[in-house]
Amino acid sequence: MSISENKVWVLIPAAGIGSRMRSEIPKQYLSVCGATILEHTLRCFTDLSELAGIIVVVNHEDTYWQSLLQESQLFSNGKLKIRYTYGGSDRAETVQNGLHYLLNDIGLSDDQWVMVHDAARPCVRLDDLLALLAVRDDCDLDGAILGYRVKDTMKRSNADASKIGFTESRENLWHALTPQMFRLKELFDSLVEAKLAKHVVTDEASAMEFLGKKVGLVEGASDNIKLTSPSDLRLIEFLLKAR
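For the sequence shown, this note's numbering assigns the number 237 to the last residue and increments by one with no breaks.
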């Protein structure tokens, strides 16, 4: 493995509009604690010594990103090596476009490790990133994701979600988080094959699983939350202020 392959690239899919936030501004550009959610997310990787670079994948019509490029100190202080390209019609296609850019425009090797991390998940901890990186030494795995064990009682509803259908066993159930880390070409091929087969891809791991790849679970902090609803913004503000 070369020195460059041993480092990791981070891919941030940021082409979504976050409709559940009920906001005119895409959720990754909402401001909290003096910066946008996306800026806080990018800063999570500032102290990651094994970081090779970051690729942010944005919407073609995203004017907020262009403003951020001009105004944010993240892009002027040189501490983070950040590039960008354009996304697709859904998350899977957006990630696929980002991987294509890394392979063909930057010319990274097929075996380059890539972490895919949600743009609206600004509270991931450095210790969890390091624990995920350690999976690179496990020859029995094709990659891994951060997650945490389900602790609450899980109920499956009926079709219209009006009443409980039955109680699911929470044994061996995990909440999937990001980052999710895989080798560049393997993840790209998995997303392509899943799309051709019309397989529903809910995260990068599900595409890898579809091709029979072995994906590890690395237990991370449950406060690595994703901004999905307005109430999440208050919790994220609390968590960021506590750091």
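Glycine residues also receive a C-beta, built at the ideal position from the N, C-alpha and C atoms.
* Asked: What separation, rounded to the nearest whole angstrom, lies between the Cα atoms of L127 and W107?
  -> If you number the sequence shown from 1, residue 127 lands on position 133. If you number the sequence shown from 1, residue 107 lands on position 113. Rounded to whole angstroms, L127 to W107 spans 9 angstroms at the Cα level.
### Query
So, are the CB atoms of L93 and L178 less than 8 angstroms apart?
Reading the sequence shown from its first residue, position 99 is the one you call residue 93. Reading the sequence shown from its first residue, position 184 is the one you call residue 178. Closer than 8 angstroms, so yes.
How about I48 and V4: are their beta carbons less than 8 angstroms apart? As a first step, residue 48 must be located in the sequence shown, where it is residue number 54. As a first step, residue 4 must be located in the sequence shown, where it is residue number 10. Yes. Within cutoff.
**Report entry** S151 in three-state terms, based on DSSP
**Finding:** Here residue 151 corresponds to residue number 157 of the sequence shown, with the count starting at 1. S151: strand per DSSP, three-state reduction.
Which of helix, strand or coil DSSP assigns to F160:
As a working note, residue 160 is residue 166 in the sequence shown. Strand, per DSSP.
query = How many Å lie between S66 and V89 at the Cα?
reply = For the purposes of this step, residue 66 is taken as residue 72 along the sequence shown, with counting starting at 1. For the purposes of this step, residue 89 is taken as residue 95 along the sequence shown, with counting starting at 1. Rounded to whole angstroms, S66 to V89 spans 24 angstroms at the Cα level.
Secondary structure of P116, DSSP reduced to three states
In the sequence shown, the residue the question calls residue 116 occupies position 122. It is coil, neither helix nor strand.
Where E55 falls: helix, strand or coil (DSSP) = Position 61 of the sequence shown, counted from the first residue, corresponds to residue 55. Correct three-state label for E55: coil.
*What are the complete alpha helix (DSSP H) segments, minimum 4 residues, inside the region 7 to 83?*
31 to 37 and 57 to 65
Simplified DSSP assignment, three categories, for T196:
Along the sequence shown, one-based indexing puts residue 196 at 202. Three-state DSSP puts T196 in coil, outside helix and strand.
- Using the C-alpha atoms, what's the distance from F160 back to R85? Position 91 of the sequence shown, counted from the first residue, corresponds to residue 85. Position 166 of the sequence shown, counted from the first residue, corresponds to residue 160. For R85 and F160, the distance between alpha carbons rounds to 31 angstroms.
Review point. What number of angstroms, rounded off, separates the C-alpha of N0 from the C-alpha of A153?
Key: Counted from its first residue, the sequence shown places residue 0 at position 6. Counted from its first residue, the sequence shown places residue 153 at position 159. If I take the Cα positions, the gap works out to 47 angstroms.
### Query
What are the boundary residues of the alpha helix (DSSP H) that includes E86?
Within the sequence shown, the letter at position 92 stands for residue 86. A quick correction: the sequence has Ala, not Glu, at residue 86. Per DSSP, A86 belongs to the alpha helix (DSSP H) from R85 to H94.
Residue of W168, P173, E203 and L171 minimising C-alpha distance to L185
Stepping through the sequence shown from its first residue, residue 185 is reached at position 191. The shortest C-alpha separation from L185 is found at E203.
**Request:** Keeping to the same chain, check which residues put their C-beta closer than 6 angstroms to that of Q82; ignore five residues upstream and five downstream.
**Result:** Within the sequence shown, the letter at position 88 stands for residue 82. What sits at residue 82 in the sequence shown is Gly, not Gln. Taken in chain order, the residues that qualify are T88 and N91.
- Task: Can you grab the Cα-Cα spacing for the pair F182 / Q60, in whole Å?
- Result: Here residue 182 refers to the residue found at position 188 when the sequence shown is read from its first residue. Here residue 60 refers to the residue found at position 66 when the sequence shown is read from its first residue. When rounded, the distance between both Cα atoms is 27 angstroms.
Whose CA, out of K149, S200 and A188, lies closest to the CA of Q174?
-> What you label residue 174 is simply residue 180 of the sequence shown in a count that begins at 1. For Q174, the nearest C-alpha among the options comes from S200.
key: Residue nearest to L135 in terms of C-alpha spacing, selected from L221, G210, K192 and C27   = Against the sequence shown, residue 135 aligns to sequence position 141. It is G210 whose Cα lies nearest to the Cα of L135.
Fill in: 8 angstroms contact criterion, which L234 and C117 should meet: CB distance rounded
Along the sequence shown, read from residue 1 onward, the residue named residue 234 stands at position 240. Along the sequence shown, read from residue 1 onward, the residue named residue 117 stands at position 123. Indeed they touch by this definition, with Cβ atoms about 7 angstroms apart.
Where do the ends of the beta strand (DSSP E) carrying A170 lie? Residue 170 sits at position 176 when you count from the first residue of the sequence shown. Unbroken beta strand (DSSP E) run through A170: W168 to R177.
- Kindly indicate which three-state DSSP category A201 falls into: helix, strand or coil? By one-based count along the sequence shown, residue 201 stands at place 207. Three-state DSSP puts A201 in a helix.
Self-check item: Residue range of the unbroken beta strand (DSSP E) whose run includes I139
Solution: Indexing the sequence shown from 1 puts residue 139 at position 145. Run containing I139: G137 to R143, per the beta strand (DSSP E) assignment.
Practice item. Could you tell me whether the Cβ atoms of T172 and V129 are closer together than 8 angstroms? Key: Counting from 1 along the sequence shown, the entry for residue 172 is found at position 178. Counting from 1 along the sequence shown, the entry for residue 129 is found at position 135. Their beta carbons are not under 8 angstroms apart, which means T172 does not touch V129 by this criterion.
message = Among E198, K220, L167 and E162, whose alpha-carbon lies nearest the alpha-carbon of A138?
response = As a first step, residue 138 is located in the sequence shown; it is residue number 144 there, counting from the start. Minimum Cα distance to A138 is reached at E198.
Item to complete: Could you give the DSSP three-state label for M(-5): helix, strand or coil?
Response: Within the sequence shown, residue -5 is the residue found at index 1, counting from 1. Only weak support exists for where M(-5) lies, its pLDDT of 46 falling under 50; the value from the coordinates is given anyway. Correct three-state label for M(-5): coil.
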